[in-house]
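Reading through the structure tokens given below for one structure.
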Amino acid sequence: MNMFLFGALNLILSNAYAANVFTVSSMTASSGETVTIDVDLTNDDPVQIMQFDLVYPEDELSFIGCQQGVYGLPLGTFTCQPQSSGEVLVIMMTSDLFNNPQTIEQGSGTIVSFDFEVSYDAQSGPHDLSLSGVVLSGGYSSTGYAEFDFTVTDGTLTISEPDIDGDGFIPPLDCDDGNPDINPDAEEIWYDGTDQNCDSYDDYDQDGDGFVATVHAGLSTDGVEGSGMLPDGDCNDEDSGSYPNAPDVWYDGVDSDCDGRDDYDQDEDGYVSQEYFGLATENVDGSGFLPGGDCADLDPDRNPGVEEILDDGIDQNCDGVDQVSDFAGDDILDEENDLEEEEVVKEAGCAHQDSHKEGGLIWLSFFGAAILWFRRR
Numbered sequence: 003m004n005m006f007l008f009g010a011l012n013l014i015l016s017n018a019y020a021a022n023v024f025t026v027s028s029m030t031a032s033s034g035e036t037v038t039i040d041v042d043l044t045n046d047d048p049v050q051i052m053q054f055d056l057v058y059p060e061d062e063l064s065f066i067g068c069q070q071g072v073y074g075l076p077l078g079t080f081t082c083q084p085q086s087s088g089e090v091l092v093i094m095m096t097s098d099l100f101n102n103p104q105t106i107e108q109g110s111g112t113i114v115s116f117d118f119e120v121s122y123d124a125q126s127g128p129h130d131l132s133l134s135g136v137v138l139s140g141g142y143s144s145t146g147y148a149e150f151d152f153t154v155t156d157g158t159l160t161i162s163e164p165d166i167d168g169d170g171f172i173p174p175l176d177c178d179d180g181n182p183d184i185n186p187d188a189e190e191i192w193y194d195g196t197d198q199n200c201d202s203y204d205d206y207d208q209d210g211d212g213f214v215a216t217v218h219a220g221l222s223t224d225g226v227e228g229s230g231m232l233p234d235g236d237c238n239d240e241d242s243g244s245y246p247n248a249p250d251v252w253y254d255g256v257d258s259d260c261d262g263r264d265d266y267d268q269d270e271d272g273y274v275s276q277e278y279f280g281l282a283t284e285n286v287d288g289s290g291f292l293p294g295g296d297c298a299d300l301d302p303d304r305n306p307g308v309e310e311i312l313d314d315g316i317d318q319n320c321d322g323v324d325q326v327s328d329f330a331g332d333d334i335l336d337e338e339n340d341l342e343e344e345e346v347v348k349e350a351g352c353a354h355q356d357s358h359k360e361g362g363l364i365w366l367s368f369f370g371a372a373i374l375w376f377r378r379r
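Going by my numbering, the first residue of the sequence shown is number 3, and it counts up by one from there.
So this is what it looks like as structure tokens:
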């Protein structure tokens, strides 16, 4: 470090560096748009670049005509003529977006702006922006800069595809940039074969369960790759829980697995329990009209329409009783006959036996009288 006195100005000179910092006001742009780049020159003030410790007259001074090797001073010591008229900092910005480097000049303040229009033939994707050629105007030569390192900062500007249809969206968000009615904000119209809102859903699978209705089998959706290949058989495309082979809960009124069966006739015998009589099944046309009275909905051989089998202990026809045959096989009695009916039958049997006994005694009396009559003769 060297110190020397120049008039009333004390200067301290040392090796140093300065950083050029810039930001891009919009990090994305489309072809034909104007981009503004703001460059922060706080660290690039001409005085700060030279790294002089100013005692007087503060920051109003800038330096021109620095020269080396003044008589009487050690080599490597710089003498700079102070000048009160501010110098201009010139920064060159380069990019593959420019045909020629663009010049940014600092007149006053520390923030300057640089505007340029993105050409229509600019390729989409990232483009590097670099600051270079940092110089001071006013006849500065490279003399005096040998001991200074200048650090520049790079930035990236991303050029996107132009919005051809003017709907405010560009690819890839806009899945059809030639149609202003197709964009992420558009209202979806289901089953017309077009993905209006660009959500990449198959237009025939509204509930997103991976199945389409049979009537829509094989139909593809414009703008959706792989559409038209989903399996069919969906019986309710507004319910993601209803599709072929989905778990089905019986008696909840919904045909979840789309097998077309009445949800209240599990054994498929054509009858439903009396408590479910008249209840329809969602997704099954014509349901809700099966007759009731089924007393065992897990056994297709038990319902009001089957013939009762005697003496098997099972109520096949669901009439509430199990029918059995009597000891002679002539009459049909029910197991639910109460004791009084059995007693009546027993009493009737006893009366029938007594009448036979009384008839036999009468015949014996007649027979004895006849024998006595013959003896008397």
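For each residue, glycine too, the CB sits at the ideal point set by N, CA and C.
For the set Phe-279, Ser-222, Asp-239, the Cα lying nearest the Cα of Met-231 is the one of Ser-222. In this structure, DSSP gives Gln-276 a helical state, which the three-state scheme calls helix. With contacts defined as CB atoms closer than 9 Å, Thr-196 and Asp-205 qualify as a contacting pair. Here the C-alpha atom of Glu-310 lies approximately 16 Å from the C-alpha atom of Asp-328. The C-alpha of Asp-321 lies about 13 Å from the C-alpha of Ser-275.
Taking 9 Å as the cut-off, the Cβ atoms of Gly-262 and Leu-281 do not count as close. Our two residues, Gly-225 and Asp-241, have alpha carbons roughly 24 Å apart in a direct line. For Thr-196, DSSP records a beta bridge to Asp-224. Assigned with DSSP and collapsed to three states, Val-217 falls in helix. In the three-state reduction of the DSSP assignment, Pro-173 falls in the coil class, being assigned neither a helical nor a strand state. A straight-line Cα-Cα distance of about 12 Å links Asp-165 and Ile-184. Here DSSP, grouped into helix, strand and coil, assigns Glu-284 to strand.
C-alpha of Gly-307 to C-alpha of Asn-319: approximately 6 Å in a straight line. Residue environment: Ser-202 is assigned as exposed (fewer than 16 neighbouring CB atoms within 10 Å of its CB, all protein chains considered). Shown here, Ser-258 sits in coil according to DSSP, grouped into three states, outside any helix or strand. In the DSSP assignment, Asp-234 forms a beta bridge with Val-214. Residue environment for Leu-312: exposed (fewer than 16 other C-beta atoms within 10 angstroms of its C-beta). Asp-287 and Asp-257 have their C-alpha atoms spaced approximately 11 Å apart. Closest by C-alpha distance to Pro-246, out of Cys-237, Trp-252, Tyr-253, is Cys-237. The beta carbon of Asp-169 lies closer than 6 Å to those of Pro-182, Asn-185 in the same chain, with the five residues before and after it left out.
Note on Leu-175: under 16 other CB atoms within 10 angstroms of its CB, so exposed under the neighbour-count rule. Take the alpha-carbon of Gly-228 and the one of Pro-128: they are about 30 Å apart. With fewer than 16 other Cβ atoms inside 10 Å of its own Cβ, Phe-291 counts as exposed. Here Val-251 is exposed: its Cβ has fewer than 16 other Cβ atoms, across all protein chains shown, within 10 Å.
Taken atom to atom, the span from the alpha-carbon of Pro-233 to that of Phe-279 is near 34 Å. Looking at the backbone, the Cα of Glu-190 and that of Asp-267 are separated by about 39 Å.
Rounded to whole angstroms, Asp-209 and Asp-167 show a C-alpha spacing of 30 Å. Comparing C-alpha distances from Ser-244 to each of Pro-293, His-218, Phe-213 shows the shortest one belongs to Phe-213.
C-alpha of Asp-324 to C-alpha of Gly-220: approximately 55 Å in a straight line. Counting every other CB atom within 10 Å of its CB across the protein chains shown gives Ile-172 a total of 16 or more, marking it as buried. Here the alpha carbons of Val-326 and Gly-235 stand approximately 49 Å from one another. Counting the other CB atoms within 10 Å of its CB gives Asp-194 a total below 16, which places it among the exposed residues.
Taking a C-beta distance under 9 Å as the contact criterion, Pro-302 and Asp-265 do not qualify as a contact pair.
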